[in-house]
Amino acid sequence: MSNDAQFQVHEVSPSYWQVTFANGEINLYDVDSVEQLADLLTRIEQAPDLTVVVFRSANPDFFMAHWDMLSDQDRVAAMQPGPTGLHPYADNLVRLSRVPAVTVASIDGRARGAGSEFVLATDIRFAGPGAVLGQFEVATGSIPGGNPMGRLARLVGRGRAMEILLGADDFPAELAAAYGYVNRVLRAGELDGFVDAFARRIAGFDKVAVAGVKALVDAGAAIPDEEAAASLASFFRTSGRPENADRVRRLFDRGLQRPDGAELDLGRQVAEQS
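Letter by letter, the sequence shown follows residues 3 to 276 in the working numbering.
In structure tokens, the structure reads:
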């Protein structure tokens, strides 16, 4: 277990923060990530002038790869509920979606599984040409735990949500944008500058107006907490079942959770295990 800070905060100004995620070779999301994100969300919620937060990655190839499948499951199960009353994994995503500040994901690299669920909980998603998103959980016998079912269905429509979730394939940046999974794709070398300019623009506006618009948009497409609870309960019920152990083992044999293995084209790799 690492105690290093995975979410590095740069306070550009009182109204604009940049948060850079860094955790190991491929930016896995793990139990430490859950605990540290909870602390960060409290900090964001309590910042009186904060209007916009940009989330980005220290790794150009992996924004946030996915959940660490070697995590201590006993430690995960023993975690105490967060402020919403949900398990901290689900609690973080609900809180992230509801902070009064506008949240922007600047995605260049891979964001699958938990990484996809993280960016889906942000308000706005911009992608570089190397971005890859996806929900591969069903290919390992699991139901996704961060409620991408509810978020994707509202974001891209039911049919495309089913395609993303049940096909368990990779969605490169241009296709993700065409589906509405991300807002738009920037050309090579333009993502950081575009996102920074966009964030500075919002940061210069009145926070009451910005937060009020966000609250009303959310009210029109509200996602009940019960959905988040049901999704995570389904994940806990379905993950780690013995009938899928060989499938998962073969993925690890092919380099799952390593920067030079199955992670590079996970959508194809999971199909070959079926």
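Cβ coordinates follow ideal geometry from the N, Cα and C atoms, glycine included.
#1: Between which two residues does the alpha helix (DSSP H) containing Tyr31 stretch?
#2: Nearest CA to the CA of Leu218: which residue from Val104, Ala230, Phe207?
#3: Can at least three beta-carbon pairs, one atom from the region 213-228 and one from the region 135-143, be found at a separation below 8 Å?
#4: Between which two residues does the alpha helix (DSSP H) carrying Gln275 extend?
#5: Indicate the three-state DSSP secondary structure (helix, strand or coil) for Leu135 in the structure shown.
#6: Is Pro261 helix, strand or coil by DSSP?
#7: Hey, does Leu253 have any beta-carbon neighbour from chain B nearer than 8 Å?
#8: Please name the residue in Asp267, Pro50, Ala7 whose C-alpha comes closest to that of Val36.
#9: When we look at the beta-carbon of Gly161 and count the other beta-carbons within 10 Å, is it buried (16 or more) or exposed?
#10: Can you tell me which of the three DSSP states Val21 falls into?
#11: Who are the Cβ neighbours of Tyr181 in its own chain at under 6 Å, not counting the five residues just before and after it?
#12: Starting from Thr240, follow the alpha helix (DSSP H) in both directions and report where the run begins and ends.
#13: DSSP on Phe207, reduced to helix/strand/coil?
#14: Among Asp198, Arg112, Asp262, which one has its Cα closest to the Cα of Ala175?
#15: Look at Glu119 and Gly148 and say whether their C-beta atoms are less than 8 Å apart.
#16: What three-state label does DSSP hand Arg153 in the structure shown?
#17: What residues in its chain sit with their C-beta under 7 Å from that of Leu168, if we drop five residues either side in the sequence?
#18: Does the distance from the C-beta atom of Val101 to that of Glu47 stay below 8 Å?
#19: Excluding the five sequence neighbours on either side, which residues of its own chain have a C-beta within less than 7 Å of the C-beta of Ala67, listed in chain order?
#20: Which whole-angstrom value describes the C-beta separation of Ala129 and Val187, a residue pair presumed to lie in contact below a C-beta threshold of 8 Å?
#21: Does DSSP classify Val101 as helix, strand or coil?
#22: Measure the CB-CB distance between Ala190 and Val106 and report whether it falls below 8 Å.
#23: Do Phe64 and Ile109 have their beta-carbon atoms positioned less than 8 Å apart in this structure?
#24: Tell me which residues share the same chain as Asp26 and place their Cβ nearer than 7 Å to its Cβ, disregarding the 5 neighbours each side in the sequence.
#25: Is the beta carbon of Val33 less than 8 Å from the beta carbon of Asp74?
#26: Could you have a look at Glu245 and say whether DSSP puts it in helix, strand or coil?
#27: Comparing C-alpha positions only, which one of Ala235, Arg156, Val96 sits nearest to Pro85?
#28: Look up Ala113 in the DSSP assignment and say whether it is helix, strand or coil.
#29: For the alpha helix (DSSP H) holding Met164, just list the boundary residues, first then last.
On the basis of the coordinates in this document:
#1: Here residue 31 refers to the residue found at position 29 of the sequence shown. Run containing Tyr31: none; DSSP gives neither H nor E here.
#2: Here residue 218 corresponds to residue number 216 of the sequence shown, with the count starting at 1. That would be Val104, whose Cα lies nearest to the Cα of Leu218.
#3: no
#4: The count along the sequence shown starts at 1 and reaches residue 275 at position 273. Segment: none, Gln275 is in no alpha helix (DSSP H) and carries neither H nor E.
#5: The sequence position of residue 135 within the sequence shown is 133, counting from 1. Leu135 falls in the strand class under three-state DSSP.
#6: To locate residue 261, count along the sequence shown from 1; it is residue 259. It is coil, neither helix nor strand.
#7: Although the question refers to chain B, the structure presented lacks it and comprises just one protein chain.
#8: Start at 1 with the first residue of the sequence shown, and residue 36 comes out as number 34. The option with the nearest alpha carbon to Val36 is Ala7.
#9: Here residue 161 corresponds to residue number 159 of the sequence shown, with the count starting at 1. Exposed.
#10: Start at 1 with the first residue of the sequence shown, and residue 21 comes out as number 19. DSSP places Val21 in strand when its eight states are reduced to three.
#11: Taking the sequence shown and counting its residues from 1, the one referred to as residue 181 is at position 179. Val158, Arg162.
#12: Indexing the sequence shown from 1 puts residue 240 at position 238. Thr240 -> alpha helix (DSSP H) spans 227-240.
#13: The count along the sequence shown starts at 1 and reaches residue 207 at position 205. Three-state DSSP puts Phe207 in coil, outside helix and strand.
#14: Within the sequence shown, numbered from 1, the residue matching residue 175 stands at position 173. Considering only alpha carbons, the answer is Arg112.
#15: Position 117 of the sequence shown, counted from the start, is the residue given in the question as residue 119. Position 146 of the sequence shown, counted from the start, is the residue given in the question as residue 148. Cβ distance < 8 Å, so Glu119 and Gly148 count as in contact.
#16: As a position in the sequence shown, residue 153 is number 151, starting the count at 1. Three-state DSSP puts Arg153 in a helix.
#17: Residue numbering aside, residue 168 sits at position 166 when the sequence shown is read from its first letter. Val140, listed in sequence order.
#18: In the sequence shown, the residue the question calls residue 101 occupies position 99. In the sequence shown, the residue the question calls residue 47 occupies position 45. Yes.
#19: On the sequence shown, position 65 is the one that residue 67 refers to. Here the set comprises Ile28, Asn29, Leu30, Arg112, Arg114, Gly117, Glu265.
#20: Here residue 129 corresponds to residue number 127 of the sequence shown, with the count starting at 1. Here residue 187 corresponds to residue number 185 of the sequence shown, with the count starting at 1. Confirmed, about 5 Å.
#21: As a position in the sequence shown, residue 101 is number 99, starting the count at 1. Reduced to three states, the DSSP call for Val101 is coil.
#22: Reading the sequence shown from its first residue, position 188 is the one you call residue 190. Reading the sequence shown from its first residue, position 104 is the one you call residue 106. Against a cut-off of 8 Å, the Cβ pair of Val106 and Ala190 comes out as no contact.
#23: On the sequence shown, residue 109 is found 107 positions in, with the first residue counted as 1. On the sequence shown, residue 64 is found 62 positions in, with the first residue counted as 1. Not in contact: Ile109 and Phe64 (Cβ atoms no closer than 8 Å).
#24: Position 24 of the sequence shown holds residue 26. According to the sequence provided, residue 26 is Gly. The question's Asp does not apply to it. Counting only Cβ-Cβ distances below 7 Å, and skipping sequence neighbours, we find nothing.
#25: As a first step, residue 33 must be located in the sequence shown, where it is residue number 31. As a first step, residue 74 must be located in the sequence shown, where it is residue number 72. Yes, these two residues count as a Cβ contact at 8 Å.
#26: In the sequence shown, counting from the first residue as 1, residue 245 sits at position 243. Three-state DSSP puts Glu245 in a helix.
#27: Working through the sequence shown from its first residue, we reach residue 85 at position 83. Residue Val96 is the option with its Cα nearest to Pro85.
#28: Translated into positions along the sequence shown, residue 113 becomes position 111. DSSP places Ala113 in strand when its eight states are reduced to three.
#29: In the sequence shown, residue 164 corresponds to position 162, counting from 1. Taken as a continuous stretch (DSSP letters only), the alpha helix (DSSP H) holding Met164 covers 160-169.
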